[in-house]
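Asks:
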Amino acid sequence: MQFLTDSHIDFMKYRKVFIWVSVLLLVIACAELFFLTGLNLGIDFAGGTQLTVRLREDGSQEELRRTFENAGLREAQIQRYGIGNSEFLIKTPVVGGSEEGSGTAMIDALNADLNSDAAGRHDLNQRGAEALGALLYEADPNTRVGVDEVAARVEYETIAQAILERRKILTIFNSWDQLADIEGVNEAVLSTLKEKAFFGAFYVLQNENVGPQIGSELRTKGVLAVVLSFFGMLLYIWFRFELRFGIGALVAVVHDFMITLGLFALLNYEFNLSTIAAFLTLVGYSVNDSVVIFDRVRENMRRSRRMPLLDVINTSLNQTLSRTILTSGTTLLVLVCLFTLGGEVIRGFAFVLMIGVIVGTYSSIFVASPFALAWEKYFGRDAKAKRKQG
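My numbering puts the first residue of the sequence shown at 3, with every later residue one more than the last.
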C-alpha cells in the first residue's frame with residue numbers, strides 16, 4: 003500500500019496563504035458560534051424533557067407539531083428517530099416549573115389529540131402493571147375475588163405483568179391477537195380487556211428529564227474536559243518532543259475544534275454528551291496525525307543536522323504523505339457510512355468525526371508544521387541569540 007514514495011511537494015512554500023485561510027475559517031466559525039446561530043443545546047445541557055415515542059401508525063413531524071402547538075407547547079422540537087415513519091424524538095424545555103411537568107404536558111397533548119376517543123378506558127400501550135392488575139381485580143373475570151381475595155389479587159397482578167412483558171418485546175400493541183397466547187389471558191380476561199381497555203395510538207419508549215442545574219453542571223464539566231485534553235496533549239508533546247512542536251500541535255487542535263464546532267452550529271445539529279465524546283475523540287485524532295509527522299521531523303533532524311528546519315519539515319511531510327492519506331481515507335470511509343446509514347441518533351457524532359478527520363488532516367500539514375516553524379523562527383535558540391547580539 004505504499005504510494006507517493008518519491009514526492010517532492012513544497013508544502014511550506016504557501017504556508018502563509020494556508021494560515022490566512024485558516025484564520026478566515028476561524029473567524030467565520032467564531033462569528034457563527036457567538037454572534038449568529040450558536041449551539042443547539044440538547045437537554046443534556048439546556049435542561050428539559052425528551053420523549054421517544056412510537057406510533058401505531060406512520061405519522062409526520064408536521065402532524066405532531068400541530069398537536070403540540072394546539073396544546074400550547076410551541077417550543078417542542080420534533081425529529082424522526084430510527085428507521086421508518088413511526089418513531090420520533092420530542093424535546094421541550096421545562097414546562098410548569100419542573101421537568102416532570104414537561105413530560106406530563108407532552109403526554110397529555112398526545113393523548114388529547116391521538117386518543118381522544120378513549121372514553122375513560124385503560125390504554126394498554128401506556129398503563130403500568132399496577133393499574134392493569136387493579137382493573138382486572140375490579141372486573142374479576144375469573145370470579146376469584148369472592149373465593150380468595152389475596153390469591154385473586156396475586157393472580158391478576160401476574161397476568162398484568164405478563165401482558166407488560168409482551169409489550170416490552172413488541173414495544174406497542176396493535177391487535178388483540180397479540181395478547182391471546184399470553185399465559186393467564188383466557189377468554190374471560192380477553193373479553194374484559196376488550197370491554198374496558200383499548201390500544202392507544204402511541205407508546206413512550208423513553209422519557210428523559212434533565213434539570214437546568216444538572217445541565218449547567220454538565221456544560222461546565224464538558225468544557226473542562228475539552229480544555230484539560232488540550233493542555234494534556236500540549237504537555238505530552240512538549241515532553242515527548244519539544245515545545246515548538248507542542249505549540250504547533252496545540253494550535254492545530256484548537257483550529258480543528260473551532261472550525262468543526264462552527265460548522266456543527268451552522269447545520270444546527272444537537273449538541274449533547276455524545277457530541278462532547280466525539281470532540282474529545284477528534285482532539286486525540288488530530289494530535290495523533292501531528293505526532294506522526296513530528297516524529298519523522300525529529301528523526302530527520304538527527305540525520306541531517308545542518309539541514310534548515312523548513313527543508314526538514316518539507317521532507318518529513320512528503321515521507322509521511324502516503325501514510326496520512328491512507329489513514330485518513332480509510333477512517334473517513336467508515337465515518338461516511340456511519341453518517342449516511344447510522345440513523346438520526348448518531349448522525350451528529352459521526353458528523354463531528356467526519357469533518358474532524360478532514361480538517362485534522364489539513365491542519366497537521368498546513369497548520370501544525372508552519373506554526374512549529376514560526377515558533378522556531380521567532381522564539382528558537384537562533385532567534386534568541388540574534389536578539390542578544392543585537
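Note that beta-carbon positions come from the ideal geometry of N, C-alpha and C, so glycine has one too.
Straight-line CA distance for residue 347 to residue 366?
Replies: Taking the straight line joining both Cα atoms gives about 30 Å.
Asks: I'd like to know if the stretch 256-276 and the stretch 25-32 are in contact, where contact means that at least 3 CB-CB pairs between them fall below 8 Å.
Replies: The stretch 256-276 vs the stretch 25-32: in contact.
Asks: In the structure shown, what three-state DSSP assignment does residue 199 receive?
Replies: Residue state, collapsed to three classes: strand.
Asks: CA-CA distance, residue 326 and residue 317?
Replies: Roughly 14 Å separates the two Cα atoms.
Asks: Could you compute how far the alpha carbon of residue 322 sits from the alpha carbon of residue 39?
Replies: Whole-angstrom Cα-Cα distance: 38 Å.
Asks: Kindly confirm or deny that the stretch 186-198 and the stretch 152-164 touch, where touching means at least three C-beta pairs closer than 8 Å.
Replies: Judged by Cβ distances under 8 Å, the stretch 186-198 makes contact with the stretch 152-164, as three or more pairs qualify.
Asks: I'd like the list of long-range same chain contacts for residue 340, defined as Cβ closer than 6 Å, with 5 residues on each side in sequence excluded.
Replies: Excluding residues within five positions, the ones whose Cβ falls inside 6 Å are 352.
Asks: Report the residue ranges of all beta strand (DSSP E) runs contained in full by the stretch 19-94; include only those spanning at least 3 residues, in chain order.
Replies: Taking only runs of at least 3 residues, the beta strand (DSSP E) segments lying wholly in the stretch 19-94 are 50-57, 79-82, 89-94.
Asks: Report yes or no: do the stretch 131-145 and the stretch 80-90 share at least 3 C-beta pairs separated by less than 8 Å?
Replies: As far as the Cβ criterion goes, the stretch 131-145 does not touch the stretch 80-90, which means the pair count is below three.
Asks: Ignore the nearest five residues each way along the sequence and tell me which others in residue 197's own chain have a CB closer than 6 Å to its CB.
Replies: For residue 197, where only same-chain residues beyond five positions count, there are no Cβ hits under 6 Å.
Asks: Could you work out which residue in 78, 343, 133, 11 is closest to residue 112 when comparing CA atoms only?
Replies: It is 78.
Asks: Report the CB separation of residue 124 from residue 199 in whole angstroms; it is logged as a contact under 8 Å.
Replies: Confirmed, Cβ separation roughly 4 Å.
Asks: Measuring straight from C-alpha to C-alpha, what distance separates residue 24 and residue 68?
Replies: Approximately 44 Å between the Cα atoms of the pair.
Asks: Closest by CA to residue 50, which one among 63, 122, 165, 106?
Replies: Here the closest residue by C-alpha is 106.
Asks: For the stretch 53-65 against the stretch 288-298, are there 3 or more C-beta pairs whose distance is under 8 Å?
Replies: Too few Cβ pairs lie closer than 8 Å, so no.
Asks: According to DSSP, simplified to helix, strand and coil, what is residue 243?
Replies: Looking at residue 243 - three-state DSSP - the assignment turns out to be coil, as it is neither helix nor strand.
Asks: Is the Cβ-Cβ distance between residue 166 and residue 55 less than 8 Å?
Replies: It is not a contact, given that the beta carbons lie outside the stated cut-off.
Asks: Between which two residues does the alpha helix (DSSP H) carrying residue 163 extend?
Replies: First-last of the alpha helix (DSSP H) with residue 163: 151-172.
Asks: Are residue 246 and residue 65 touching if we call contact CB-CB under 8 Å?
Replies: Taking 8 Å as the Cβ cut-off, residue 246 and residue 65 do not qualify as a contacting pair.
Asks: Would you check if the distance between the CB atom of residue 350 and the CB atom of residue 277 is smaller than 8 Å?
Replies: For residue 350 and residue 277, yes; Cβs fall inside 8 Å.
Asks: Tell me the rounded alpha-carbon separation between residue 381 and residue 303.
Replies: Near 18 Å, if we compare the C-alpha coordinates of residue 303 and residue 381.
Asks: Note down the Cα distance separating residue 212 from residue 108, rounded to an integer number of angstroms.
Replies: When rounded, the distance between both Cα atoms is 15 Å.
Asks: For residue 231 and residue 11, I'd like the C-alpha separation in whole angstroms.
Replies: Spanning the two alpha carbons is a distance of roughly 33 Å.
Asks: Taking 8 Å as the cut-off, decide whether the C-beta atoms of residue 267 and residue 41 are in contact.
Replies: Yes, Cβ-Cβ distance for residue 267 and residue 41 is below 8 Å.
Asks: With distances taken between CB atoms, is the gap from residue 255 to residue 235 smaller than 8 Å?
Replies: Cβ atoms of residue 255 and residue 235: closer than 8 Å.
Asks: So residue 371 and residue 250 are supposed to be a Cβ contact under 8 Å. How far apart are they, rounded?
Replies: That pair is a contact at about 6 Å.
Asks: Specify, as a first and last residue, the run of the alpha helix (DSSP H) that residue 208 falls within.
Replies: Note, residue 208: premise wrong, no alpha helix (DSSP H); beta strand (DSSP E) at 204-212.
Asks: Is residue 273 helix, strand or coil by DSSP?
Replies: Reduced to three states, the DSSP call for residue 273 is strand.
Asks: Helix, strand or coil for residue 110? Go by DSSP, reduced to three states.
Replies: Three-state result, residue 110: helix.
Asks: Where does residue 257 sit, in a helix, a strand or coil, going by DSSP?
Replies: The answer is helix: DSSP assigns residue 257 an H, G or I state.
Asks: Rounding to the nearest angstrom, what Cα-Cα distance links residue 83 and residue 201 in this structure?
Replies: Going from the Cα of residue 83 to the Cα of residue 201 covers about 22 Å.
Asks: How is the alpha helix (DSSP H) around residue 356 delimited, first residue to last?
Replies: Taken as a continuous stretch (DSSP letters only), the alpha helix (DSSP H) holding residue 356 covers 349-368.
Asks: Whose CA, out of 172, 171, 134, 173, lies closest to the CA of residue 156?
Replies: Of the candidates 172, 171, 134, 173, the one whose C-alpha sits nearest the C-alpha of residue 156 is 134.
Asks: With DSSP collapsed to three states, give me the class of residue 297.
Replies: Looking at residue 297 - three-state DSSP - the assignment turns out to be helix.
Asks: DSSP state of residue 291, grouped into three classes?
Replies: Helix.
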